[in-house]
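So the structure is just underneath, and the comments pick up after that.
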Amino acid sequence: MAIQSPIVVAIDFSPASPALIAYAWSLAELEGREVHFLHVVPRAKWAQDTSAQSQADVVQALQSLTGLPPGDGGRLVTFTHQVRIGSPAREIITYAKECSAGTILIGTRGRSRLVNMVLGSVAQATLRDAPCPVLVVPDSCLVGPAADGFSPPSEAVDPAEESFAIEGHSGSGPDANRVIELLRRAIQWRATDVHIDTVGADRVWIRFRVDGKLQTFCHLDQNLAAPLLMQLKLMADLDTTQTFEPLEARLKLPPALGGIEVRVTIVPACEGDAVALRLLKHEAIPRPLGTLGMSEATLSSVETMLHHRPGLVLVTGPTGTGKTTTVYAMLQALGAGDHNIVSIEDPVEYRVPGIRQLSVNARHNMTLTRGLKTLLRMDPDVVFIGEIRDVEALEIAVRASSSGRYVFSTLHTRDVASTVTVLRDLHADNYSLAANLTGIVSQRLIRCLCRNCRVAAPITPDEQAVFHAEDLEPPVELFQPRGCSACKQSGFHDRVGLFEAVVANSEFVAAIQRGAAEDELRQVIRATQFRSIHYDALTKVRDGITSLSEVDVLSWM
Ligand SMILES: [Zn+2]
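Under this note's numbering, the sequence shown has 578 at position 552, and the numbering climbs by one with no breaks.
In structure tokens form, the structure reads like this:
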């Protein structure tokens, strides 16, 4: 559990500031967090006007402002106020980093500017580089009492903060830049997906999936989000008049954003458009086997599968656990130079030179089975079938492996033993399974603790027992997540694989052939070769790579 981090409220003394403060109070109260009020005096103004406005005056102004009726219970919230001088966005970001802020609350000003700016430039620049989620609250939805005695300082904007255009993109204008900017931020956060949802009548919630978990990026007023969504549809070449049908499209990002392809899915949900953007990193290079997080024992089992004899190698696990990455690492280890490698996937995730890759395309009648039959006529040594989903695909896979080829594929199963059950459910007979199966790798992905902020705590007797149950010597202390600006307060950074790998040795093959049930298969595996995925997880907890709470998630899968 990450410790609650403070809310930084950027105050600009506009008429809407009291309402912004009231909003901050309610948020702080609700979540039991500290509030840091921050006013940045633009440097240029400060230099010209030293006599009239000293830093002490600003502090006093802030004190009066934060002393405004905060609503019931507002006094229960701990708060401080700060004044900085410089470029507003830069100072807000620096301060947020210094205090490890969990949220930045910022207002945007001026209805007239809404037309051509949508977001104020300070808000936009803050959004771009903030170390944590930013809640942008436009003054159009904050109707608060005027702050008597304060005249809003004229907005001083660093010219460098004004420009967000990414050159060379087909879309143009501020809205196109905003779409690009949102995607740029998603890439910067290492997000795989962006989710945009309408919440209530007037707000839009933008979340990123980072390391497999959803994180709030920001909330936007519907007035700001509507032109952004419209622009997204235009850029993806979607029919903007079609509001009752689900829409799907692809959007190619400019080279400045790595040429990433974005799969856009828009569904008309009850409250408004629900948008899912999947960032497909086609250019990503497959990772070598040694970098996936496999233990020495697992690596050696996988090496055996690759060099033992051709046959069927299955990589299994739930969706989004890196199965394709593992298969490509294996293909790379086999070497494209010595083998004719072909693949059919839905869609192709990594583009690898030297491998003949085919994407399933239902619109052009290129189904998995049809593509597979075509590929098998191309004299392949190694075949990669993206996923075995039906009886026919499995039947072709088994037949291809029985003629002396390596066949790799993936399956959705819980562990190695249950994979055999799923294969039997897909009408594979015990004899051909036993004859053609080379090995099964089962895997998960877990989040790694952020090295910057993980905290050590002495191990408890209950935690020790977890290690003893797997015949592991427990460590003296265990690491837990905390949260810092480097990991966007999540406490985690990046992910690593957990594996169990079983080579189809004589005992395993014999058990399959005599029709052994799952439990018996597990006993056979345990007795003859391998360490379970749970064991692998605990070694990674012991080594401080992840936390025990993260590994507990495995029991729910
Ligand atoms: Zn951290």
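C-beta atoms are modelled at their ideal positions from N, C-alpha and C, and glycine is treated no differently.
Query	Result
Please classify residue 387 as buried or exposed, where buried requires at least 16 other C-beta atoms within 10 Å of its C-beta.	exposed
Going by the C-beta, is residue 474 closer than 6 Å to any heavy atom of ligand 1?	no
Between the C-alpha atoms of residue 534 and residue 394, what's the straight-line distance to the nearest angstrom?	30 Å
On the three-state DSSP scale, how would you describe residue 390?	helix
Using CA coordinates, which residue listed in 331, 244, 243 and 266 is at the minimum distance from residue 253?	266
Counting pairs of Cβ atoms below 8 Å between the region 474-481 and the region 519-526, do you hit three or more?	yes
Can you confirm whether the region 291-308 touches the region 269-281 when touching is taken to mean that 3 or more C-beta pairs between the two stretches lie within less than 8 Å?	yes
Of all residues in the structure, which have a C-beta closer than 7 Å to any heavy atom of ligand 1, taken in chain order?	476, 478, 479, 508, 509, 510, 512, 513, 517 and 519
Using CA atoms only, rank isn't needed, just tell me which of 54, 240 and 320 is closest to residue 565.	320
In or out: residue 159 buried (at least 16 other Cβ within 10 Å) or exposed?	buried
Any C-beta of chain D sitting closer than 7 Å to the C-beta of residue 416?	Note that chain D does not occur in the displayed structure, where there is just one protein chain.
Using C-beta distances below 6 Å, list every residue in its chain close to residue 347, excluding the 5 sequence neighbours before and after it, in chain order.	469, 470 and 471
Between the Cα of residue 236 and the Cα atoms of 305, 330, 526 and 120, which residue gives the shortest distance?	305
Which term fits residue 607, buried or exposed, when burial requires 16 or more other beta carbons within 10 angstroms of its beta carbon?	Past the boundaries of the shown model lies residue 607; the chain is included only from 27 to 583, so the question cannot be answered.
Hey, out of 133, 435 and 40, whose CA is closest to residue 34's CA?	133
Let me know the secondary structure DSSP gives residue 327 once reduced to three states.	helix
Within the same chain, show all residues whose beta-carbon is closer than 6 Å to that of residue 76, passing over the 5 residues directly before and after it, in chain order.	Legend: pLDDT at residue 76 = 49, less than 50; position of this residue unreliable, no value from coordinates given.
How would you call residue 240, buried or exposed, if buried means at least 16 neighbouring beta carbons within 10 angstroms?	exposed
Return yes when the Cβ of residue 36 is within less than 7 Å of the Cβ of residue 53, no when it is not.	no
If residue 327 sits next to residue 465, beta carbons under 8 Å apart, how far is it from one beta carbon to the other, in whole angstroms?	7 Å
For my contact list, residue 206 and residue 220 are in at a C-beta cut-off of 8 Å; report their separation, rounded to the angstrom.	That belief does not hold up - the Cβ atoms of residue 206 and residue 220 are roughly 12 Å apart, past 8 Å.
The alpha helix (DSSP H) spanning residue 493 covers which residue range?	487-495
Applying the criterion that 16 or more other CB atoms from any shown protein chain within 10 Å of the CB defines a buried residue, is residue 352 buried or exposed?	buried
Three Cβ pairs or more, each shorter than 8 Å: is that satisfied between the region 450-462 and the region 359-369?	no
Just to confirm before moving on: does the CB-CB distance between residue 444 and residue 544 stay below 7 Å?	yes
If distances are taken between C-alpha atoms only, which option among 280, 128, 119 and 344 comes closest to residue 150?	119
Kindly list the residues whose CB is nearer than 7 Å to the CB of residue 442, restricted to its own chain and excluding five residues on each side of it in sequence; keep chain order.	466, 468, 526, 528 and 551
Given residue 568, which residues of its chain have a CB within under 6 Å of its CB, disregarding the five upstream and five downstream residues?	501
Skipping 5 residues on each side, what residues in its chain have a beta carbon closer than 7 Å to that of residue 370?	384, 386, 394, 397, 398, 401, 411 and 412
Determine the DSSP secondary structure at residue 527, reduced to helix, strand or coil.	strand
Residue 354 to residue 211, Cα distance in whole Å?	28 Å
How many Å lie between residue 258 and residue 215 at the Cα?	20 Å
Judging by CA-CA distance, which residue of 505, 491, 344 and 382 is the nearest neighbour of residue 572?	505
Tell me where the alpha helix (DSSP H) around residue 458 begins and ends.	456-462
Given residue 278, which residues of its chain have a CB within under 6 Å of its CB, disregarding the five upstream and five downstream residues?	287
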